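Number of protein chains: 2
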Amino acid sequence: MAFYGASDPHDEIPGIGQYDDFHTIDWQRDIARDRMRHRYIVKKRQDSLWDLLKGAHDAWSGWLCVLFVGIAAGFVAGMIDIGASWMSDLKHGICPQAFWFNREQCCWPTKQSVFEEGNCSTWKTWPEIMGMARNGTSAYIISYFWFILWALMFAALSASLVRMFAPYACGSGIPEIKTILSGFIIRGYLGKWTLLIKSVGLMLSVSAGLTLGKEGPMVHIASCIGNIFSHMFPKYGRNEAKKREILSAAAAAGVSVAFGAPIGGVLFSLEEVSYYFPLKTLWRSFFCALIAAFVLRSLTPFGNEHSVLFFVEYNKPWIFFELIPFVFLGIMGGVIGTIFIKANLWWCRYRKFSKLGQYPVAEVLVVTLVTGILCFPNPFTRMNMNELIYLLFSQCSPGDNTNPLCDYKRMNITNGATSSIEVTEPGPGVYHAIILLLLAFVFKLALAVFTFGMKVPAGLFIPSLLLGSIMGRIVGIGVERFAYSYPNIWLFTGECVNGKNLITPGLYAMVGAAATLGGVTRMTVSLVVIMFELTGGVGYIVPLMAAAMASKWVGDALGRQGIYDAHIALNGYPFLDSKEEFAHTTLAADVMQPKRNETLNVITQDSMTVDDIETLLKETEHNGYPVVVSKENQYLVGFVLRRDLNLAIENAKRLIEGITGASIVLFTSAAPIQNLGPPPLKLKKILDMAPITVTDQTPMETVVDMFRKLGLRQTLVTHNGRLLGVITKKDVLRHVKQMDNEDPNTVLFN
Amino acid sequence: MAFYGASDPHDEIPGIGQYDDFHTIDWQRDIARDRMRHRYIVKKRQDSLWDLLKGAHDAWSGWLCVLFVGIAAGFVAGMIDIGASWMSDLKHGICPQAFWFNREQCCWPTKQSVFEEGNCSTWKTWPEIMGMARNGTSAYIISYFWFILWALMFAALSASLVRMFAPYACGSGIPEIKTILSGFIIRGYLGKWTLLIKSVGLMLSVSAGLTLGKEGPMVHIASCIGNIFSHMFPKYGRNEAKKREILSAAAAAGVSVAFGAPIGGVLFSLEEVSYYFPLKTLWRSFFCALIAAFVLRSLTPFGNEHSVLFFVEYNKPWIFFELIPFVFLGIMGGVIGTIFIKANLWWCRYRKFSKLGQYPVAEVLVVTLVTGILCFPNPFTRMNMNELIYLLFSQCSPGDNTNPLCDYKRMNITNGATSSIEVTEPGPGVYHAIILLLLAFVFKLALAVFTFGMKVPAGLFIPSLLLGSIMGRIVGIGVERFAYSYPNIWLFTGECVNGKNLITPGLYAMVGAAATLGGVTRMTVSLVVIMFELTGGVGYIVPLMAAAMASKWVGDALGRQGIYDAHIALNGYPFLDSKEEFAHTTLAADVMQPKRNETLNVITQDSMTVDDIETLLKETEHNGYPVVVSKENQYLVGFVLRRDLNLAIENAKRLIEGITGASIVLFTSAAPIQNLGPPPLKLKKILDMAPITVTDQTPMETVVDMFRKLGLRQTLVTHNGRLLGVITKKDVLRHVKQMDNEDPNTVLFN
């Protein structure tokens, strides 16, 4: 047994194998510990029925755990959906017969469309409750007032809760989840308080009408659930590497419940969030995502029988020429995404380094006030963002008169025996709507920049989709007008029959939404799959893909990082990106510590005393020390961790008789050299005799590759077998920053 | 520069970096070579406009290559579809007005359903051509005769083509593609002859009515296309590791065109086929798969406007209780899959070790004859398997009278003002059909066992789906009957209103098909996604997943390997499975060569002569040699490949003056020790100074992990810096076999 010698895991010195806060984990060591534990259980299984049951429980626990996580994630998401929907409607009015009903449930019997300001007779707006007429200036002012008042109350409550109880509950959480999954420890980030406050705060901040979505934070919430449940299973709770398998599955479940997109969720987890994703985890993640989506659907189908958020009814084919506007939308999406990222980063950096950061609640209140004042007058921004997106995605039916976007001139077409009403030229209502949408676009973009990064739970999937769908719908209406005016030019030849509406502006909104989300997050496959699942539009993968590709390329050309990576860099998280290639020609010898002219702190295998080692531990701050044959012959024997050394020496001093400061510490099993001093302290057990080594001539690209793929915490550098130095993950990250001409000291690390 | 010193890749000794047939590749070395090449291009880019263009071309070439691969794969798949459909119909008759039309095209104007034996007035069956009546015993016999005659001709042609021109074109090719993608070289397996013969042979063998599908071989065909196009781009063609990125994308395109399932294709490539799958490849693979599907759809939409193979029109919800029969179908699927695998393996092993293997064409003819004789009388097996699957998946419409599966008693239901015809109890036609289907199941299962592994192109997706859909449909009809008889028991309470047909037998067929395919191939996520894309049934992911899980677990419990892994093991391909965990406690010291009491063959860095090295090369057969400081001090300096050594010495003898057998070979840059002999031969350039090393105490699980994740070809084993031995991939594979109590000498390897 190379790792820690013990075949029975309970035999370990307590505390060994745990990590401190803000440390990185050593995947190899954790996985080896898990295999050892597994073998122990398999061996014990033959002993008794109880051990057999324990073995069976162990084998099933992964599936059981993700099952619980899926159910809980679906349930929590359902609660948040219901709560946020109820509170959002509370800003407008109340259902007097049953105040716990939201507007939709209250109006259910009369079945009115969303756009008619939802005012069925059973649902009372605030002016009505106050005994005023439904319309008129004073009613408008009262509505305005209540709208902003509720928004401010919700926002204040959300920000205060976050500030007081769970500072980690703010933001989307995806950058931090990425960092945690890459093997970093942030204690409390996935705790139960964070879960509770984030769930409640999310409902409140969404209801406040801020320019944020609940989809991103769902990933964080699901990961909290994953973390909490993993503690029920020691296999996962006590092993940080194994725990990350559950967290990957939970992240997939988070996206799955956010969008009703289980496949997209798994791909999101695989592509965007996860770091170490063994294939058996893929299947388990899929299961978890599916269970979550299923539970959510049972609780609260998104208003209709479809399990998808923005179901599109149309399935008209698109024509080849339309790829040009789709790619244009992609380019615009990339540009908008980059503008958003740069502006948001600039503002977040300003917040971080100025006095503003000290007044998070006040900041939230000001932004909420501005949002409320700007958004109420415009009917498109007064409604929920989800509703607006749904409206922009949908197609105008011939009979639709309430939606200003559908104010088309209608024409009776008689074609032989059949006669039908056809939607033709856009009417004045459409042009008016376009102006309102443009205003909405500008306001929402500006507000989103200031909102993302505030100290409330806030996601940016929905704002990005919204911006993109506004842009897309406007472009779509333009193309539609163009096709209507010139039905006979070669582009439409053979496709466009007698002025029928050939172009679907809703499809453009969908493509634009995908493009902008792609520009902001730089997702690729998962983006297309999520959009495909989100809208149920099977035939539109090619347009979505074209836009996503254009958006990704334009975005990457304008600015290298997506919003999540940018926020990781801003916060200095130690994240070693597995997607970017290390393109420099440096060698391991250039990166390793110590540099030339410094000495390497090593421990010899059989000649240092307990005092020597304690002095070394006091004088240096390294997390681990190489063990060598002797000071003169620095041939590598193994590697020992600071934490383990401390624990072992403390333990020995307490428990083993005769151990004093003068005891020789032995890392070999050979008999000690005869001496007359106190008995030696044998620590071979805590020595890792299989450290990963590289030669000093190894190119850094190979070293970076090994860090990523094997999940190393450090590697030892040798030359002709002789130990030269150590490269830790911190050294690698600093080196990467340095090579990219960034400040290497921004990396937050231990 | 650690690898091969040269900064200009053209500076290399010719032939270095290539591999011999049946060798494994060293991913680290190939990727390092690619990065070196890339840096060279980036550096040169500033020199001239031409170099800038070359740089741009290099950056784009990956996308350009997969674009070409996608277009070509879609095109070839379309050709095969058209050809196979035409030739399949040729067995039944011909379109006299336009002999190049298949039956569907011929009958297009009259639009008759497939089941009516497709005999519209424009399409003539063989008896009709011969002037006989359409029905009657003699017409039947004539049809039977022609059916078998054509089948024998097609099969004979297919088998002869494969035997004569491209022996690698037989089978599905997926086991070999898996092996190749894991880093093995099989020259000619993906060549243009294989492509041509496999495409033609596939059309022929499908048309012969053999129990095989064209879906699996499509992966092989697409991979051939990928290989051929990669040679147009030196970045991929000359670098085996990079080439595998294109091959992964091509495999995704293969599945994509086989099923019209681009997302499923990418996941199949990721989960099942590929070994080394960097995330940027995911996006490119998706692009490739989508282009291929798009091109195929433009060429030949599968009969209708849907881009999916077996489009289901129904989207009736399923009820929770139905999960029980779905899981039952999953269990049955796992059992059937295992029976198929075991029986097929037994037969393939018999073929391999008996005289039967020497008569491949005769074997094909016998199987074709038996297939023809057994399949013609049963209308379900007379039609193409695709058509039968489509029939089994589909729902009975109230007006359908031609399909015996839809011979339900019909009832006029008057419900207030509306009146409708409802399908109710199964009629005698259904029971008759069930008997025919049971017969079809038994015959097809037996025939599939003998067919898969014959020397013709043959896939088993479609046979598996067929077996499963027969089983599923029968179970579905049973459940439907049960629900009809007991509509009021608690299971259906609240779901089943006045005897309406609640159960969709077609859904059961779909679930059964997924379960059996899962049982045979042990696919998981990709299976569910393919089935979901294949059928367009968005609401049925949960039933599909439940069945796939049950099938996978039952299958794994009954027999560890899927059909592809079983065939890999049967053929002894050196495939290191990345999914299975290595669960033993052996250490690197137990596996390394040489064993105790043998000596390690090493080269010293500055004391061996050219003659010494040539003797060593002659006396030993290793593919590489460690270079050490000296015979006495075996501290590791680097690693040199046999191939490179041979080439370099040959080159030096030819080109450098004064080099004789007595020249000292130097692997250091230090000045040679004064001697009076001929000038030394400096070979530092071919020395890999960054070999991956492990200590002798490293557990084998870590070593196996490193082999998999880093794509190693060998690793060196040290103890306290001193070289002890070498572990090659062959040693690892043999060790894995040995640990699993299998014969380690079955591994085909160099």
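Keeping their order, the protein sequence lines are chains E and Y. Counting from 1, one number per residue, gives the positions in the first sequence under our numbering. Counting from 751, one number per residue, gives the positions in the second sequence under our numbering. Just so it is clear, CB atoms sit at the ideal spot from N, CA and C, and this is done for glycine as well. All values reported here derive from a predicted model rather than from experimental measurement.
Proximity test, Cβ basis, 9 Å: residue i and chain Y
i                  : result
Ile-578 of chain E : Note on residue identity: the sequence assigns Ser, not Ile, to residue 578 of chain E. Chain Y contact via Cβ: present.
Leu-507 of chain E : no
Glu-245 of chain E : no
Pro-699 of chain E : yes
Val-629 of chain E : yes
Ile-541 of chain E : yes
Trp-283 of chain E : yes
Ile-692 of chain E : yes
Phe-287 of chain E : yes
Asp-606 of chain E : no
Distance between residue j and residue i (C-alpha atoms, nearest Å)
i                   : j                   : result
Thr-1274 of chain Y : Trp-283 of chain E  : 6 Å
Leu-945 of chain Y  : Cys-974 of chain Y  : 6 Å
Met-383 of chain E  : Trp-346 of chain E  : 29 Å
Pro-1441 of chain Y : Thr-698 of chain E  : 8 Å
Leu-1391 of chain Y : Gln-1464 of chain Y : 11 Å
Glu-1407 of chain Y : Lys-1381 of chain Y : 29 Å
Trp-873 of chain Y  : Glu-1331 of chain Y : 58 Å
Leu-157 of chain E  : Glu-215 of chain E  : 20 Å
Val-479 of chain E  : Leu-436 of chain E  : 19 Å
Trp-318 of chain E  : Asp-577 of chain E  : 38 Å
Leu-666 of chain E  : Ile-1477 of chain Y : 30 Å
Val-542 of chain E  : Phe-1037 of chain Y : 9 Å
Residue i, DSSP secondary structure in three states
i                   : result
Trp-1403 of chain Y : According to the sequence provided, residue 1403 of chain Y is Lys. The question's Trp does not apply to it. Helix, per DSSP.
Leu-1210 of chain Y : coil
Glu-1492 of chain Y : coil
Asp-47 of chain E   : coil
Gly-1269 of chain Y : helix
Gln-1384 of chain Y : coil
Gly-124 of chain E  : The residue asked about is misnamed: residue 124 of chain E is Lys in this sequence, not Gly. Here Lys-124 of chain E sits in strand by DSSP.
Pro-404 of chain E  : helix
His-719 of chain E  : strand
Val-1279 of chain Y : helix
Asn-604 of chain E  : The sequence given here places Thr at residue 604 of chain E; Asn does not occur at that position. The answer is strand: DSSP assigns Thr-604 of chain E an E or B state.
Phe-865 of chain Y  : Caution applies to Phe-865 of chain Y, whose pLDDT of 44 falls short of 50 and renders its modelled position unreliable; the value that the coordinates give is listed next. Phe-865 of chain Y: coil per DSSP, three-state reduction.
Phe-934 of chain Y  : strand
Neighbour flag for residue i against chain E, beta carbons, 9 Å
i                   : result
Ile-892 of chain Y  : no
Lys-804 of chain Y  : no
Gly-1053 of chain Y : Because the pLDDT of Gly-1053 of chain Y is 47, which lies under 50, any placement of that residue in the model is unreliable, and the question is left without a value.
Phe-1282 of chain Y : yes
His-788 of chain Y  : yes
Glu-1331 of chain Y : yes
**Study point:** 4-residue-minimum alpha helix (DSSP H) runs that sit fully inside the region 252-277 of chain E, ordered along the chain
**Key:** 262-268
Review point. Taking a cut of 7 Å between CB atoms, which residues from the region 719-731 of chain E lie near chain Y?
Key: Asn-720, Gly-721 and Arg-722
Exercise for review: Give the residues from the region 259-273 of chain E that approach chain Y closer than 9 Å (Cβ to any Cβ), ordered along the chain.
Suggested key: Pro-262, Ile-263, Val-266, Leu-267, Leu-270 and Glu-271
**Study point:** Short-range partners of chain Y found in the region 623-655 of chain E, where Cβ spacing is below 7 Å
**Key:** Val-629, Tyr-635, Leu-636 and Val-637
Review point. Along the region 772-783 of chain Y, what residues have a CB closer than 9 Å to any CB found in chain E?
Key: When C-beta distances to chain E are compared with 9 Å, the residues of the region 772-783 of chain Y below that value are Gln-778, Ile-781 and Ala-782, in chain order.
Check your understanding: What alpha helix (DSSP H) runs, 4 residues minimum, are completely inside the region 1031-1110 of chain Y?
Key -> 1073-1103
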